[in-house]
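Undergrad: Following this message is one structure expressed as structure tokens.
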Amino acid sequence: MALPRTMMAIRTWGPEDYRLEEVPVPEVGPGEVLIEVEAVGICASDVKCWHGGGHFWPSDDGPGYVEAPAIAGHEFSGHVVALGEGAAERHGVALGNRVVAEQIVPCEVCRFCRDGHYWMCQRSWIFGFKQVLDGGMARYCRLPRESRIHRVPASLSVGAAAYIEPLACAWHAVDRAGIQPDDTVVICGVGNIGLCMVQIARRQLAGTGRVVALGTRQNRLDLALGLGADVCIDVTRADAVAEVLALTGGYGCDVYVETSGNPDGVTQGLGMIRKLGTFVEFSVFSRPATVNWTVIGDSKELNIHGSHLGPDCYPKAIAALADGTVDVDRLVNGVYPLDRFDEAIREAATGSVMKNLVRPI
Ligand SMILES: [Zn+2]
Ligand SMILES: [Zn+2]
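In our numbering, the protein residues as written are 62 to 422.
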């Protein structure tokens, strides 16, 4: 079937200036794959970027991550509609296959790529932010030769397929915590990623220990309870540090994962984590977190682990969605056509809904 020559796309021009525009359908070169996008999730990072968030746009601090205009969107899946020379063999895909590409397209030549840490690739190309790497908010999306492509089973809902990327990110962060049986694991923040982390932590504890979810909205804390949290604490109403210390005989939690994006979540975590505990930092902050580093060293000898993207987690995220052990369908809220993107992202920005999807077709 011949592809159309043009398509409609949402392109990032500047803060709160994302435009619906007609652009050429990309052509594929050697090793490249063209997919017809079925849906794109709107991520907290998309909301921050659209709002004009700090490191995305040029400022006194530097040029900013976005190279405008780019087609937005990094949480997407779709069906293969064209294959460049050698692409089928390279990626193990055929026309018609349902696939997802990891959000990062590594360069394969920098020191991090060469030693296996592709997710920390020096150039850090993520779909949807740069002219060289258009994202999924268009009918078609070109996956470059260095893309990391995974097959997606037909059984996954469109929402679950769009959720593979954030689930993989959540999984890597929880893996970084090195959860042990009987641990008390605190997940600070119950947005889309936090609610995935709750489920993954519950799964890794395999019926032992305790998952504690911290949040500021009762509806999200209720979701956390339904998805496997044993204890939920609204930090605006209760003294979360005192409650977690009380739950753990005064020792504190074994693991604390910060995914709230609020710098107060860091100080709170350092207050409730036990000595020799593991603190995983996932979220992106809009302002610096100021903490007393003495707690990390002299007082508690903590393990502080960062977490970025979802390396090597796509296959297990896809498997868990397929076998139903992770549930994201109840987190999907609205499905919007491209020409209602503004409405979709404004609603996501209010925080009143979980995941909004855009369907370019
Ligand atoms: Zn995302
Ligand atoms: Zn690289």
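For each residue, glycine too, the CB sits at the ideal point set by N, CA and C.
Can you tell which of A155, G330 and L331 has the C-alpha that lies nearest to the C-alpha of G92?
TA: G92 has its Cα closest to that of A155, out of A155, G330 and L331.
Undergrad: What residue range is occupied by the uninterrupted beta strand (DSSP E) comprising K336?
TA: K336 -> beta strand (DSSP E) spans I334 to E342.
Undergrad: Of the choices V160, L331 and Y317, whose alpha-carbon is the least far from that of L217?
TA: Among V160, L331 and Y317, the Cα nearest to that of L217 is on V160.
Undergrad: Taking the alpha-carbon positions, what's the G115 to G313 distance?
TA: Straight-line Cα distance between these residues: approximately 34 angstroms.
Undergrad: Specify, as a first and last residue, the run of the beta strand (DSSP E) that D78 falls within.
TA: First-last of the beta strand (DSSP E) with D78: D78 to P85.
Undergrad: Alpha carbon to alpha carbon, what distance is there between H233 and E150?
TA: Distance between the alpha carbons of E150 and H233: 28 angstroms.
Undergrad: Skipping 5 residues on each side, what residues in its chain have a beta carbon closer than 8 angstroms to that of L306?
TA: Correct list, in chain order: Y312, G313 and M333.
Undergrad: Can you give me the C-alpha to C-alpha distance between R335 and Q279, rounded to a whole angstrom?
TA: Cα-Cα distance, rounded: 27 angstroms.
Undergrad: Please state whether the Cβ-Cβ distance between A285 and V251 is less than 7 angstroms.
TA: Yes; because the gap between Cβ atoms is below 7 angstroms, this pair is in contact.
Undergrad: Which residues share a DSSP beta bridge with V247?
TA: Paired residue(s): V273 and Y317.
Undergrad: If we ignore side chains and look at the alpha-carbon of each, how far apart do I240 and T339 end up?
TA: Roughly 9 angstroms separates the two Cα atoms.
Undergrad: State buried or exposed for G123, treating a residue as buried only when at least 16 other CB atoms are found within 10 Å of its CB.
TA: Classification of G123: exposed, given that the 10 Å Cβ count is below 16.
Undergrad: Helix, strand or coil for L392, going by three-state DSSP, please let me know.
TA: Helix, per DSSP.
Undergrad: In the DSSP assignment, the alpha helix (DSSP H) including M258 goes from what residue to what residue?
TA: That run of the alpha helix (DSSP H) goes N253 to L266.
Undergrad: Can you say whether D236 is buried or exposed, counting buried as having 16 or more other CB atoms within 10 angstroms of its CB?
TA: Per the 10 Å Cβ criterion, buried.
Undergrad: Compare the beta carbon distance of M69 and L81 with 7 angstroms and say whether it is the shorter of the two.
TA: It is a contact, given that the beta carbons lie within the stated cut-off.
Undergrad: Does DSSP put C374 in a helix, a strand or coil?
TA: C374: coil per DSSP, three-state reduction.
Undergrad: Note the first and the last residue of the continuous beta strand (DSSP E) segment covering G220.
TA: Careful: G220 lies outside any beta strand (DSSP E), inside the alpha helix (DSSP H) at V219 to A223.
Undergrad: A129 and T73 look like a contact to me (Cβ under 8 angstroms); what is the Cβ gap, rounded to whole Å?
TA: A129 to T73, Cβ: 5 angstroms. Contact.
Undergrad: How about P119: is its Cβ closer than 6 angstroms to a heavy atom in ligand 1?
TA: Not so, every heavy atom of ligand 1 lies at least 6 angstroms from the Cβ.
Undergrad: So, at 8 angstroms on beta carbons, what are the nonlocal neighbours of D206 in its own chain, with the 5 sequence-adjacent residues on each side left out?
TA: Looking at the sequence provided, one finds Arg at residue 206 rather than Asp. The residues are G90, P91, G92, E93, G145, A148 and R151.
Undergrad: Which term fits L337, buried or exposed, when burial requires 16 or more other beta carbons within 10 angstroms of its beta carbon?
TA: It counts as exposed.
Undergrad: Considering just the uninterrupted stretch of the alpha helix (DSSP H) at I406, what are its terminal residues?
TA: Residues F402 to T411.
Undergrad: For ligand 2, any of its heavy atoms closer than 6 angstroms to the Cβ of Q164?
TA: Flag unset: Cβ of Q164 not near ligand 2.
Undergrad: Cutting at 6 angstroms between CB atoms, please list the residues of its own chain near R263, excluding the five before and the five after it.
TA: Excluding residues within five positions, the ones whose Cβ falls inside 6 angstroms are V272 and G289.
Undergrad: Is the CB-CB distance between V352 and T328 below 7 angstroms?
TA: Yes, they are a contact pair.
Undergrad: Taking a contact to mean a Cβ-Cβ separation below 7 angstroms, would you say I254 touches I379 in this structure?
TA: No, the pair does not count as a contact, with Cβ atoms beyond the cut-off.
Undergrad: Sort V393, C110, V213 and T411 by Cα distance to K191 and report the nearest one.
TA: Minimum Cα distance to K191 is reached at C110.
Undergrad: Can you say whether G197 is buried or exposed, counting buried as having 16 or more other CB atoms within 10 angstroms of its CB?
TA: It counts as buried.
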